[in-house]
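Asker: There's a structure below that I have some questions on.
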Amino acid sequence: MTSPETDLFTATELRGLTLRNRIFRSATWEGLADKRGCVTQRLVDLYRELAEGGCGLLISSFTNVLEDGSTIPGSMGLFHDRQNKGVGQLAEAVHQANGKLCLQLVHGGGQASSKLCGGQPLAPSAVETKLFPELPREMTLEDIKRTVAAFAAAAQRAKQSGCDAVQLHAAHGYLLSQFLSPHTNRRQDQYGGDIKNRSRFLLEVVEAVQNAVGKGYPLLVKLNGCDNLADGLTLEDATKVAKLLDTAGIAAIEVSGGTPISGDMNPVRMAHESGDEMAYNVILSRTIRQQVDCPIIAVGGIRSLHVMSGLLKTGQTDYISLSRPLIREPDLPNKLQSDAVEKSTCTSCNGCFKAAMKGEFRCVIP
Ligand SMILES: Cc1cc2nc3c(=O)[nH]c(=O)nc-3n(C[C@H](O)[C@H](O)[C@H](O)COP(=O)(O)O)c2cc1C
């Protein structure tokens, strides 16, 4: 177990990467990439603004490693040479503002839509679940091999384009999380069954990425600490996955929870009555933190300086990740550090998500 770190704003090292503070921008899809998955000037401007706003590490929106994993319009891709240049421009803009950029890599799996991914979506098993908009096709061993290689190739492109780190999206019901979850993984082969087998695909991706970019390059994972589904990934099994990732040499684990069909316990929870913060995944992250050596990143509903500092001081996390508050106030980290504010004014209303679906990525509250 790592020792508690207490200071939010002291520079820190993550696998050799110097970060100016412990506040991260959690991966946030903006819907601002063009139809070919390339970065637009709007995205470059937004990432510059976020980096100028002071976050220690800026995690990008999810970036597709293969066209057949595309889930949602306006997402970035890194499966073709034409996409490298824009990612390089993002890294440059972030570096010019003294920030660090981590590119999040994803395959949508059964959450992809045939309209965007160009065919029947792929998943660990061909199961009917509300998680999948369409019945997916069960991945063959060849599909698995090709997808593992695609994650590695995308990570290599990210590194070559100047990104400081990559994060695998193994949460929220996307492909890597589908393999971990008994809700979506009904396979009878070496990729299904107990949690060791269900982790195999993720661990193969980790190994392939490490071989592609080197073990010294920071590789993070966003993991569901629990799917919040009756037959989903449990905290007990997620802790086992975290231990396997830790042993494999992961730089840090961001602990999220839930899937789009987890009702009130989904990954992007609305605020309840008091509108007060809930830090709703910390119950998961602090349990996992006790079982691993690598640093843990807490995400979900964290809004104020005193809660952020408290979570660090009490050893419940090593880093803090924010998504919706930084849509409303990209300069929140600077404002918190200078004591200009104590708390984000984000109400967790999720209007930002609806706006992004219309191509207007912004906070909708005046
Ligand atoms: C508009 C929007 C887009 C999101 N896109 C992603 C994404 O691309 N990858 C990801 O891992 N999580 C994504 N999330 C989830 C956030 O990273 C985060 O886990 C969640 O919003 C909880 O944090 P918060 O309470 O600070 O917003 C998104 C959330 C929002 C609101």
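Reading the sequence shown from the start, the letters are residues 1380 to 1745 in our numbering.
Don't be surprised by glycine CBs; every beta carbon is placed ideally from N, CA and C.
Note that the structure is predicted; figures quoted are calculated from it, not measured.
Taking the alpha-carbon of A1491 as reference, which of L1480, I1451 and S1504 has the nearest alpha-carbon?
Answerer: Ranking the options by Cα distance to A1491, first place goes to I1451.
Asker: In its own chain, which residues sit with a C-beta less than 6 Å from the C-beta of G1456, not counting the 5 before and 5 after it?
Answerer: G1416, N1443 and Q1462
Asker: Below 7 Å, is the gap between the Cβ of I1523 and the nearest heavy atom of ligand 1?
Answerer: Outside the cutoff, so no.
Asker: Please classify Q1567: is it buried, with 16 or more other beta-carbons within 10 angstroms of its beta-carbon, or exposed?
Answerer: exposed
Asker: Looking at ligand 1, does it come within less than 7 Å of F1441, judged from the CB to the closest heavy atom?
Answerer: yes
Asker: If we call anything under 8 Å between Cβ atoms a contact, is V1506 one with A1587?
Answerer: No, the Cβ-Cβ distance between V1506 and A1587 is not below 8 Å.
Asker: Going along the chain, which residues of its own chain have a beta-carbon closer than 7 Å to the beta-carbon of V1418, five neighbours each way excluded?
Answerer: A1412, M1455, G1465, V1466, Q1468 and L1469
Asker: Is it buried or exposed for P1639, if we count other Cβ within 10 angstroms and need 16 for buried?
Answerer: exposed
Asker: Here's a check: name, in chain order, each residue in its chain whose Cβ is nearer than 8 Å to the Cβ of W1408, leaving out the five neighbours to either side.
Answerer: S1440, F1441, I1451, G1453, S1454 and A1735
Asker: Is it buried or exposed, G1595, if we count other Cβ atoms within 10 angstroms and call 16 or more buried?
Answerer: exposed
Asker: Near V1600, which residues of its chain fall below 6 Å by C-beta distance, leaving aside the five closest residues on each side in sequence?
Answerer: L1547, A1549, L1624, I1629 and I1632
Asker: Let me know if T1519 comes out buried or exposed under the rule of 16 or more other beta-carbons within 10 Å of its beta-carbon.
Answerer: Around the beta carbon of T1519, fewer than 16 other beta carbons sit within 10 angstroms, so the residue counts as exposed.
Asker: Nearest-angstrom Cα distance between E1521 and L1612?
Answerer: 25 Å
Asker: Quick one: give me the first and last residue of the alpha helix (DSSP H) that C1496 is part of.
Answerer: Note, C1496: alpha helix (DSSP H), S1493 to C1496.
Asker: Looking only at its chain, what residues have a beta carbon closer than 8 Å to the beta carbon of E1392, apart from the 5 residues adjacent to it on each side?
Answerer: Listed in chain order, the non-local C-beta contacts of E1392 below 8 Å within the same chain comprise L1398, local neighbours out to five positions each way being set aside.
Asker: Out of curiosity, what's the CA-to-CA distance linking P1515 and L1555?
Answerer: 15 Å
Asker: Does the Cβ of A1406 lie closer than 7 Å to at least one heavy atom of ligand 1?
Answerer: yes
Asker: Among D1386, F1388 and R1394, which residue has its Cα nearest to the Cα of G1593?
Answerer: Nearest C-alpha to G1593: R1394.
Asker: If you follow the alpha helix (DSSP H) that T1638 is part of, which residue opens it and which one closes it?
Answerer: Segment: none, T1638 is in no alpha helix (DSSP H) and carries neither H nor E.
Asker: Count the CB pairs spanning the stretch 1714-1721 and the stretch 1670-1677 that are closer than 8 Å, and state whether there are at least three.
Answerer: no
Asker: Could you check the C-alpha separation between C1481 and A1531 for me, to the nearest Å?
Answerer: 15 Å
Asker: Is R1577 buried or exposed, if buried means 16 or more other CB atoms sit within 10 Å of its CB?
Answerer: buried
Asker: Check whether the stretch 1422-1430 touches the stretch 1721-1728, counting contact only when three or more Cβ pairs, one atom from each stretch, lie closer than 8 Å.
Answerer: no
Asker: Can you tell me where the alpha helix (DSSP H) holding K1464 begins and where it ends?
Answerer: N1463 to Q1475
Asker: G1489 to N1729, Cα distance in whole Å?
Answerer: 24 Å
Asker: When DSSP builds the beta bridges, which residues end up paired with A1719?
Answerer: Per DSSP, none; premise fails for A1719.
Asker: How long is the line joining the alpha carbons of L1621 and I1667, rounded to whole angstroms?
Answerer: Correcting the residue type first, residue 1621 is Ala in the shown sequence and not Leu. So the alpha carbons of these two residues sit roughly 7 Å apart.
Asker: Give me, in chain order, the residues of the same chain whose beta-carbon lies closer than 6 Å to that of R1665; leave out the 5 immediate sequence neighbours on both sides.
Answerer: Q1695
Asker: Shorter than 7 Å, the distance from the beta carbon of Q1490 to the closest heavy atom of ligand 1, or not?
Answerer: no
Asker: Any idea what DSSP makes of G1416, helix, strand or coil?
Answerer: coil
Asker: Kindly examine ligand 1 and report whether one of its heavy atoms sits closer than 7 Å to the Cβ of S1727.
Answerer: yes
Asker: Have a look at N1713 and N1400 and give me their C-alpha separation to the nearest angstrom.
Answerer: One C-alpha to the other measures close to 10 Å.
Asker: Check whether the Cβ atoms of L1598 and Q1589 lie closer than 8 Å to each other.
Answerer: Result yes, Cβ atoms of L1598 and Q1589 sit closer than 8 Å.
Asker: So, helix, strand or coil for S1683, using DSSP?
Answerer: strand
Asker: What did DSSP end up calling V1671 once you bin it into helix, strand or coil?
Answerer: Correct three-state label for V1671: coil.
Asker: Would the beta-carbon of Q1695 be found less than 7 Å away from any heavy atom of ligand 1?
Answerer: no
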